[in-house]
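Here our numbering is used: the first residue of the sequence shown is 4, the next is one more, and so on. Working notes, structure below.
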Amino acid sequence: MRSRSALTDAQTAEALGAAWLERVLEPVSRAGRLAKDGLRPFAPGQESEARAAAAEVLQTAQRCGEGQARTLREILRRLPEPGATLALVAAGGTIDDAELTGLLLFLEGLRTLRERGRGLLPERLLPESLEDLYAHLARGRTRGGGFYLDDAFDPALAHVRSAAERARQDYACERARLRAAAEAVLGDAAREDGEFAIMRDTFAGPAPACVHVLREAPLYRIFELSDDAAALAALAVLEAAREQVATAEERVREALALELCGRAGALLAQARRAGEIDLHLGAAIFAQEHHAVAAEIVADRELTIVEGRLLPLEQRLAEQGRRYVPISFELRGQAVITGPNMGGKSAALRTAGFIQLCAQWGLPVPARSARLGLVSSIRWLGGAAGDERDGLLSSFGNEIVALAGALDETAPAARLLLIDEFARSTSPREGRALVVALLQALRERGELALATTHFANVAEATGVPHYAVAGVRRVLAQPGLAKPALAEALRMIGEAMDYRLVPASLAGAAGEDAIALARLLGLDGRLIAHAERELRAARSPEEERRDAWIR
């Protein structure tokens with residue numbers, strides 16, 4: 004997955020569903036998130052790299068059986084990121100057991116990824132397990148999964164710990180001697196902490212030399228053992244031994260930190276590789292779940308799609324139990340799409356941009372097949388809600404400002420323009436004139452542009468290919484039938500509408516589609532009847548024959 008960078012502006016990203024795509028591909032590990040931040044989309048001139056990236060993703064998707072990619076990703080989800088610990092040791096900081104535990108878990112995760120990823124992941128992505136470093140740190144692995152600075156790290160550490168243990172035992176013997184002496188006088192009421200709680204009616208005499216009074220009350224006294232000279236000498240030996248242990252442990256930690264500094268480059272390289280694996284597996288899961296294919300990426304400026312799918316829309320329709328229709332078209336230069344409202348014209352533009360976006364991110368694309376060239380930017384102009392500029396401009400004014408900015412951009416030939424109902428909010432005559440002039444200008448500039456419009460004969464006036472939504476395949480609603488609920492009306496429209504893009508010469512009459520939609524959505528029946536009379540009066544015999552053939 005690659006970040007948006009300058010490929011899309013905010014309005015275009017929203018129109019194409021880039022946020023949906025990023026959510027689907029979101030890395031699960033911190034290493035993956037760091038890797039994502041450093042990536043950029045492929046650009047013109049990187050066709051071979053983009054082809055290789057998509058092919059590699061597909062290969063992993065095909066190799067991984069059900070759940071295998073997700074299993075590998077779960078390993079990554081639990082993988083610690085070593086950057087903070089390595090920065091600490093580089094700055095001369097002390098490395099503690101928790102940080103060493105994190106490094107050990109990181110190395111164990113690399114080993115597991117390498118073992119389980121062999122045969123599934125590309126060879127270049129298999130992590131190096133850094134076995135020598137792992138074996139060194141694994142000396143401190145505890146049964147509970149943590150880390151302990153084991154004696155095996157340094158013979159001197161083992162020696163001073165052994166001496167400290169002997170000193171602890173010697174001091175414990177001295178305390179046991181004192182306790183036995185106290186119990187001989189006070190009884191066996193001693194607690195583990197060396198205190199005695201004695202009722203006054205049990206013992207009212209003076210305290211023996213081996214204890215002192217800690218607290219007194221009317222009914223009881225609490226005594227505590229007092230170290231004599233022999234015990235104090237043993238305690239001094241113990242404290243000195245403990246200091247030696249602390250010093251030896253610090254030396255071992257310093258040695259480990261020094262070793263980690265020397266291996267920081269290798270560790271960080273493997274962390275980056277883990278991030279790449281995370282992104283790669285996310286893309287492979289995307290390809291598996293959405294039956295994506297590798298686009299044929301060429302150096303020419305074109306976008307040809309066979310049965311392309313706009314996945315965010317497909318998902319929403321599936322959640323509602325509604326049908327989704329893939330679209331196909333061929334774009335070399337400029338083309339126009341016409342059709343009724345609710346016929347999927349804007350969705351066709353979004354599909355084009357979504358598939359282009361996937362390819363530029365190095366992903367397989369959701370289509371039966373696709374052939375496209377890389378672009379330096381994708382720009383959505385028109386229909387999506389954009390900047391209202393604090394109410395200073397009308398919708399038409401905002402469209403003009405956005406278009407002027409797009410036309411002023413440098414290197415215009417290396418981009419894809421998606422123009423949705425441009426100038427729809429001005430008069431039909433002037434709007435059509437503006438759209439015709441725009442398409443002619445884009446043609447002269449050699450731009451790659453796909454435009455939707457309601458204006459008539461735009462494609463014919465500009466000499467560009469003309470696609471149309473195939474339209475309503477059957478009668479949507481008959482006069483006199485009860486008005487359905489909105490959800491049911493939308494379902495009926497979805498079932499009746501043929502959303503495919505076809506050459507305009509084969510499409511149905513958009514006017515009748517619009518009237519049928521208006522009836523189904525509850526427009527007054529008398530108004531509908533009047534509109535139908537007007538339409539019949541204006542139709543030619545050729546239109547009658549064409550629509551009879553389509554239906």
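From the three backbone atoms N, C-alpha and C, an ideal C-beta is built for every residue, glycine too.
Exercise. Are the beta-carbon atoms of Leu19 and Phe357 separated by less than 7 Å?
Worked result: Residue mapping note: residue 19 aligns to position 16 of the sequence shown, counting from 1. Residue mapping note: residue 357 aligns to position 354 of the sequence shown, counting from 1. Their beta carbons are under 7 Å apart, which means Leu19 touches Phe357 by this criterion.
For this session: Can you grab the Cα-Cα spacing for the pair Asp230 / Phe150, in whole Å?
Result: Along the sequence shown, one-based indexing puts residue 230 at 227. Along the sequence shown, one-based indexing puts residue 150 at 147. About 36 Å.
Problem set entry | CA-to-CA distance, Leu108 to Trp383, given in whole angstroms | Indexing the sequence shown from 1 puts residue 383 at position 380. Indexing the sequence shown from 1 puts residue 108 at position 105. If you take the alpha carbons of Trp383 and Leu108, they lie about 46 Å apart.
For this session: Could you work out which residue in Leu421, Ile225 and Phe289 is closest to Trp23 when comparing CA atoms only?
Result: For the purposes of this step, residue 23 is taken as residue 20 along the sequence shown, with counting starting at 1. Residue Phe289 is the option with its Cα nearest to Trp23.
Exercise. What residue range is occupied by the uninterrupted alpha helix (DSSP H) comprising Arg218?
Worked result: One-based indexing of the sequence shown puts residue 218 at position 215. Per DSSP, Arg218 belongs to no alpha helix (DSSP H); it is in the beta strand (DSSP E), Val214 to Glu219.
Problem set entry | Which listed residue (Arg178, His294, Pro369 and Glu450) has its alpha carbon closest to that of Glu305 | On the sequence shown, residue 305 is found 302 positions in, with the first residue counted as 1. For Glu305, the closest C-alpha among the options Arg178, His294, Pro369 and Glu450 is that of Glu450.
Exercise. Between which two residues does the beta strand (DSSP E) harbouring Pro506 extend?
Worked result: Translated into positions along the sequence shown, residue 506 becomes position 503. Segment Met500 to Pro506, the beta strand (DSSP E) holding Pro506.
Exercise. What is the C-beta distance between Pro130 and Arg117, in whole angstroms, given that I count them as a contact (C-beta under 8 Å)?
Worked result: Translated into the one-based positions of the sequence shown, residue 130 becomes position 127. Translated into the one-based positions of the sequence shown, residue 117 becomes position 114. Correct: roughly 5 Å between the Cβ atoms.
For this session: With DSSP as the reference, please indicate the residues paired to Ala338 in a beta bridge.
Result: Your numbering for residue 338 matches position 335 in the sequence shown. Bridge pairing for Ala338: Leu453 [DSSP].
Exercise. Do the CB positions of Ala417 and Ser372 come within less than 7 Å of each other?
Worked result: The count along the sequence shown starts at 1 and reaches residue 417 at position 414. The count along the sequence shown starts at 1 and reaches residue 372 at position 369. Between Ala417 and Ser372, the C-beta spacing is not below 7 Å.
Problem set entry | Every unbroken alpha helix (DSSP H) inside the region 291 to 323 [4 residues or more] | Secondary structure within the region 291 to 323: the alpha helix (DSSP H) runs of 4 or more consecutive residues, fully enclosed, are 314 to 322 (chain order).
Exercise. Is Asp423 closer than 7 Å to Ser349 when the C-beta atoms are compared?
Worked result: Position 346 of the sequence shown, counted from the start, is the residue given in the question as residue 349. Position 420 of the sequence shown, counted from the start, is the residue given in the question as residue 423. A contact, by the Cβ cut-off of 7 Å.
Problem set entry | Whole-Å CB distance - Thr456 paired with Val368, under 8 Å assumed | For this step, residue 456 is matched to residue 453 along the sequence shown. For this step, residue 368 is matched to residue 365 along the sequence shown. Taking 8 Å as the upper bound for CB-CB distance, Thr456 and Val368 are not in contact here, some 26 Å apart.
Problem set entry | beta strand (DSSP E) segment containing Ile422, residue limits | Counting from one through the sequence shown, the residue named residue 422 turns up at place 419. Annotation for Ile422: the continuous beta strand (DSSP E) segment containing it runs Arg418 to Asp423.
Exercise. Does DSSP put Val92 in a helix, in a strand, or in coil?
Worked result: The sequence position of residue 92 within the sequence shown is 89, counting from 1. Residue state, collapsed to three classes: helix.
For this session: Mind checking which residues open and close the beta strand (DSSP E) that includes Phe199?
Result: Within the sequence shown, numbered from 1, the residue matching residue 199 stands at position 196. Note, Phe199: beta strand (DSSP E), Glu198 to Met202.
Exercise. Shorter than 7 Å from the beta carbon of Leu235 to some beta carbon of chain C?
Worked result: Although the question refers to chain C, the structure presented lacks it and comprises just one protein chain.
Exercise. Is Leu133 near Leu152, with beta carbons less than 7 Å apart?
Worked result: By one-based count along the sequence shown, residue 133 stands at place 130. By one-based count along the sequence shown, residue 152 stands at place 149. Taking 7 Å as the Cβ cut-off, Leu133 and Leu152 do not qualify as a contacting pair.
For this session: From the DSSP output, read off the bridge partner residues of Thr579.
Result: The chain is shown from 4 up to 554; residue 579 falls before or after that span and cannot be answered.
Exercise. Is the closest heavy atom of the ligand NAP to the C-beta of Phe332 under 6 Å?
Worked result: No copy of the ligand NAP appears in this structure; indeed no ligand is present at all.
Exercise. Quick one: Cα of Pro211 to Cα of Ala232, how far?
Worked result: Numbered from its first residue, the sequence shown carries residue 211 at position 208. Numbered from its first residue, the sequence shown carries residue 232 at position 229. Going from the Cα of Pro211 to the Cα of Ala232 covers about 16 Å.
Problem set entry | Inter-residue spacing [alpha-carbon to alpha-carbon] between Gly208 and Leu235 | Translated into the one-based positions of the sequence shown, residue 208 becomes position 205. Translated into the one-based positions of the sequence shown, residue 235 becomes position 232. Between Gly208 and Leu235, the C-alpha separation is close to 26 Å.
Problem set entry | Bounding residues of the beta strand (DSSP E) (the contiguous stretch that carries Ile98) | As a working mapping, residue 98 is identified with position 95 in the sequence shown. Here Ile98 belongs to no beta strand (DSSP E), and DSSP marks it neither H nor E.
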